[in-house]
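Beneath this line is the structure, given in structure tokens, with notes to follow.
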Amino acid sequence: MHQLVDERRRHLLVTTVRQRFSVLPLGSGRPAIETIDAGGRICHHENVGLSNRHCRTLCAIFEEPTRADVIWSDFVALCLALGAEMPKPGRTSGSRQRIKLRGRKAVFHRPHPGPTMKKGSVESARVFLINAGVTPETEGCRC
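Heads up, the sequence shown is in my numbering, so the first residue is 7 and it goes up one at a time.
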């Protein structure tokens with residue numbers, strides 16, 4: 007019995023690492039994720055990689071020299087596609103947006119009046135994504 011429990015813990019640890027970096031290429035060439043269901047069975051979820059639009063946004067963020075035409079809503083959509091938690095801002099938060107992605111937290115300033123992020127914000131987004139283990143290579147994007 008203890009060996010079975012230890013084996014499930016090992017699978018959970020491996021699964022957590024695989025989920026975190028999502029670099030399990032299966033048949034379609036897109037990343038896949040393994041999870042463990044309530045019964046302890048390993049489930050493969052194929053084709054859960056980023057869409058082409060999300061890949062374009064990710065590549066734009068990692069492009070050198072830093073671009074100043076990244077749209078805020080595209081960055082938010084990318085974060086959500088990566089599994090980020092974005093709590094609803096409070097009444098007094100103004101333009102600040104908290105984002106939690108793979109154990110990393112950051113606060114970004116929502117641009118206004120225009121929708122495009124400034125170069126400094128794009129650089130901050132790049133550092134945040136790197137710290138969270140997200141790069142175009144790890145997500146299967148071809149830039």
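We put the CB at the ideal spot given by N, CA and C, even for glycine. Values in this document were obtained by computation on a predicted structure and should not be read as measured data.
DSSP beta-bridge partners of residue i
i	result
L107	R110
E91	K106
T144	None; T144 has no bridge partner.
Residue i, DSSP secondary structure in three states
i	result
T63	helix
R116	coil
R132	helix
Residue range of the alpha helix (DSSP H) that includes residue i
i	result
R73	Looking at the DSSP string, R73 is not in any alpha helix (DSSP H), and its letter there is neither H nor E.
Proximity to residue i [Cα-Cα], best of the options
i	options	result
A112	K124, T98, P93 and R73	P93
R108	L86, T98 and E69	L86
T72	A131, G139 and A138	A131
T144	L88, R116 and S79	L88
P121	V140, L56 and F81	F81
Distance cut-off 8 Å: residue i Cβ against heavy atoms of the ligand MG
i	result
H115	In the structure shown, the ligand MG is absent, as is every other ligand, since no ligand is present at all.
Buried or exposed (CB count within 10 angstroms, at least 16 for buried), residue i
i	result
H118	exposed
A90	buried
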